[in-house]
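What follows is one structure encoded as structure tokens, with my remarks underneath.
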């Protein structure tokens, strides 16, 4: 089997949206104390505002949030493709032990992942592979514009067969100068971390109108959504860059 040398820079967000939970305003102090005491995460930073609570661990790689209408977790620079799923399910499993969270009426559960895949390929080679293999642009299509194609990218929206879930993707070759804008909110990605060029892939996978679910069912939805996103990403990068 051929060995592939690649580096994947990544960022992930799990967001659970629910109908406004007005009692949050009265119990946000209790929620804060509960989350800060989650020893497995070692949250050393927190910020409490009128309608939202934010927490961050000592590494800066894991952040969580809770508000009047949503809650979730952000994982940056994950060391493996399974790490986001593991941390998300661990956090939710702990958070749902707090009685007030088990009664939320969930309107949308989304997981969004950003990837930069670096295989030490130059930008024009990535662009050519993306154009020819993924978009399959034929010569006639290019003749319409009668100009040199210097950059390329494409957004897509999909719906699963069950009509309850779907996903949006954005992708394309990317130069180093463009990368900061997708990771600009973190000091974990200094400019010299980024390669000169990479394949970019962004996937937002969601399930809507979930309603009230018990912990087991909700965690299964999270796992299934992240597994599906990861599977799509792996197939995409390997097909385009091979």
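In this note's numbering, the protein residues as written are 9 to 250.
A virtual CB, placed ideally from N, CA and C, is assigned to each residue, including glycine.
Between the CA atoms of residue 104 and residue 182 - distance to the nearest angstrom:
39 angstroms
Review point. Buried or exposed: which applies to residue 37, given that a residue is buried once 16 or more other Cβ atoms fall within 10 Å of its Cβ?
Key: exposed
Problem set entry | Residues near residue 191 in its chain [Cβ-Cβ closer than 7 angstroms; skip 5 each side] | 19 and 197
Could you tell me which residues DSSP puts in a beta bridge with residue 125? 16 and 207
Boundaries of the beta strand (DSSP E) in which residue 53 is found, first to last residue
51-56
| field | Opposing strand residues paired with residue 21 [DSSP bridges] | value | In the DSSP assignment, residue 21 is bridged to 82 and 120.
Which residues does DSSP list as the beta-bridge partners of residue 165?
Answer by DSSP bridge pairing, in chain order: 176.
I'd like to check one pair, residue 22 with residue 39: are the Cβ atoms closer than 8 angstroms?
no
Would residue 187 be called buried (16 or more neighbouring beta carbons within 10 Å of its own) or exposed? buried
query = Which residues share a DSSP beta bridge with residue 212?
reply = Under DSSP, residue 212 shares a beta bridge with 120 and 176.
- request: Write down the C-beta distance between residue 173 and residue 214 rounded to the nearest angstrom, noting that I regard them as a contact closer than 8 angstroms.
  value: 7 angstroms
Using 8 angstroms for Cβ pairs, my map puts residue 75 next to residue 59. What's the rounded Cβ distance? 6 angstroms
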